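Chains as they are written, first to last, in this note's numbering: chain A, 944 to 1109; chain B, 2 to 195. Where is the CB? At the ideal position from N, CA and C, for every residue including glycine. Since the model is a prediction, treat every value here as computed from it, not as a measurement.
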Amino acid sequence: MTTAGLTANTMVQHIAAQGVTHMVTLPDSETNFMYDTMTESGMEVVQIAREGEAIAIAAGLWIANQKPAIMIQNSGLFESGDALRGLGIGIDLPLVMFIGYRGYTRHGDTPDSAAQFLEPFLHTWETPYWIVETDEELDRIDLAFKKAVETSKPVAVLIGAEYVSV
Amino acid sequence: MIEYQDVAASLNRERGDAVVVSAMTQTRFWKEASDRPELDIPTNNSMGKVSSIALGIALGAKDRKVFALDGDGSLIMNLGSLITVGNKSPKNFVHVVFDNGVYAITGGQPIAGSGIIDWPAIAMGSGYKAAYSFEDTEEMATEMPRILSEDGPILIRVQVKPVITTNLGVIQTWESNAVMPRQMRSVKTELAAS
């Protein structure tokens, strides 16, 4: 499908260019298009059973001097709230979290509470974020990695597009 | 039933330069046994994420053995991590489950599934390479050196005598807030130097 402007190859290239060694992920409807591309990119994909594991595994990888990122849906980020508090913010973990923005309508009003609460959630956790919907906006990924390192804290990149091409 | 300190002593004899990630009551006894504190990470503030943190270290430092000292109450909070471990199958991952059947730091209330859970069966059904269960101190001490020389992921369930420490829960968590990040950096530095 090509109904939106994000393509898996371009996005994964941007992520890999940041030196990401491991992607800790559970596929969702906004980010599933990248799964095959990630597995072919040289990054090690760590597939999880539930999103609450993601930040803890990333913390372990960081302790082992790797450069992980995570990719989960907004509903899974809510599940990960305590891990973000204790094992992300609490240990000064420089982590970029790619979050599928389920329910994002681009005009504000949405019937999906997962979308309604995502940005308020990130504000409450004092976590900076960027939204990307097209390949032209992927330089925001570079900004996110820069911010994570500068602040030594988790930051988020919200994937606003659901249907994309490889 | 086995005493916590006997498990800790038995593990410490065989640890070598293993990184040890521990939770709750395990931390209390491991602290007293460990002769490599610079390689220890207490995680009393992680809501059962010991196995996940340890998995990340094991995947990132494949030549370094990693022990996850879990509790039964902690692990049922993060049961899916067994599948994640089994799926990645790190050879350097050792998962020790201290099974006391209770929440020791909140006064000894039984955990859900106390006396029912078959940890070795769950581990093997999740893709672990081997799983063991001990209820006798001498048998555990005899078998531990051989088991810890095997390729992982391995799960070792030890039935331990509960040590109820009412009111220590919050204190342990506050202590972990301060100690855990410091110890994570200590281990990070040690691994970078190796």
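Where residue i falls, given that 16 or more other Cβ within 10 Å makes a residue buried
| i | result |
| --- | --- |
| Leu149(B) | buried |
| Asn93(B) | buried |
| Ile172(B) | exposed |
| Leu1020(A) | buried |
| Val955(A) | buried |
| Ile117(B) | exposed |
| His965(A) | buried |
| Leu12(B) | buried |
| Lys66(B) | buried |
| Val22(B) | buried |
| Leu1101(A) | buried |
| Asp137(B) | exposed |
| Met181(B) | buried |
| Trp120(B) | buried |
| Gln27(B) | buried |
| Met2(B) | exposed |
| His1050(A) | exposed |
Where the beta strand (DSSP E) through residue i begins and ends
| i | result |
| --- | --- |
| Leu70(B) | 67-72 |
| Ile106(B) | That residue, Ile106(B), is in no beta strand (DSSP E); it is neither H nor E in DSSP. |
| Tyr978(A) | Unbroken run through Tyr978(A) is the alpha helix (DSSP H), 978-982; no beta strand (DSSP E). |
| Val967(A) | 965-968 |
| Glu987(A) | 987-990 |
| Val1100(A) | 1098-1102 |
| Tyr5(B) | Not the beta strand (DSSP E): Tyr5(B) falls in the alpha helix (DSSP H), residues 5-15. |
| Ile1042(A) | 1039-1043 |
Whole-number beta carbon distance between residue j and residue i, since they are thought to touch under 8 Å
| i | j | result |
| --- | --- | --- |
| Ile54(B) | Ala1002(A) | 6 Å |
| Val989(A) | Leu60(B) | 7 Å |
| Ser1095(A) | Asp1055(A) | So it is not a contact: roughly 32 Å between Cβ atoms. |
| Lys189(B) | Ala999(A) | Not really, about 15 Å apart at Cβ, beyond 8 Å. |
| Ala1104(A) | Gly948(A) | 7 Å |
| Ala1(B) | Phe68(B) | Past the boundaries of the shown model lies residue 1(B); chain B is included only from 2 to 195, so the question cannot be answered. |
| Pro43(B) | Ser177(B) | 6 Å |
| Thr166(B) | Asn45(B) | Actually they do not touch by this definition, with Cβ atoms about 12 Å apart. |
Bounding residues of the alpha helix (DSSP H) (the contiguous stretch that carries residue i)
| i | result |
| --- | --- |
| Gly57(B) | 51-61 |
| Trp120(B) | 120-126 |
| Phe1021(A) | 1017-1022 |
| Gly1003(A) | 997-1006 |
| Ala142(B) | 138-149 |
| Glu973(A) | Run containing Glu973(A): none; DSSP gives neither H nor E here. |
| Ala1058(A) | 1056-1059 |
| Leu1086(A) | 1082-1094 |
| Ser1(B) | The question about residue 1(B) has no answer here: the residues shown for chain B are numbered 2 through 195. |
Bridge partner(s) assigned by DSSP for residue i
| i | result |
| --- | --- |
| Leu156(B) | His96(B), Ala132(B) |
| Pro43(B) | Ser23(B) |
| Pro1011(A) | His965(A) |
| Tyr1072(A) | Ala1099(A) |
| Thr28(B) | Answer by DSSP bridge pairing: none, since Thr28(B) is not bridged. |
| Val955(A) | In DSSP, Val955(A) forms no bridge with anything. |
| Val161(B) | Ile3(B) |
| Gly948(A) | Thr1077(A) |
#### Entry: the segment 153-167 of chain B / the segment 120-137 of chain B touching (three or more Cβ pairs under 8 Å)
Using a C-beta cut-off of 8 Å, the segment 153-167 of chain B makes contact with the segment 120-137 of chain B, since at least three inter-stretch Cβ pairs fall below that distance.
#### Entry: Cβ contact check for the segment 26-41 of chain B and the segment 1001-1016 of chain A: 3 or more pairs under 8 Å
With contact defined as three or more Cβ pairs closer than 8 Å, the segment 26-41 of chain B and the segment 1001-1016 of chain A are not in contact.
### Task
Assess, as a yes-or-no matter, whether the segment 97-117 of chain B is touched by the segment 141-148 of chain B under the definition of 3 or more beta carbon pairs within less than 8 Å.
Output reads no: the segment 97-117 of chain B does not touch the segment 141-148 of chain B.
### Task
Flag this pair as touching only if the segment 1078-1094 of chain A and the segment 1055-1070 of chain A have three or more C-beta atom pairs under 8 Å; answer yes or no.
Counting C-beta pairs with one atom in each stretch, the segment 1078-1094 of chain A and the segment 1055-1070 of chain A have fewer than three that are closer than 8 Å, which means they do not touch.
### Query
On the three-pair Cβ rule with 8 Å, is the segment 70-85 of chain B touching the segment 976-986 of chain A?
Counting Cβ pairs under 8 Å, fewer than three are found: no touch.
### Query
Between the segment 83-109 of chain B and chain D, which residues of the former have a C-beta closer than 9 Å to a C-beta of the latter?
In summary, chain D is missing from the structure at hand, where the protein chains are A and B.
### Contact between the segment 1027-1045 of chain A and the segment 1097-1104 of chain A (3+ Cβ pairs under 8 Å)
Touching, yes.
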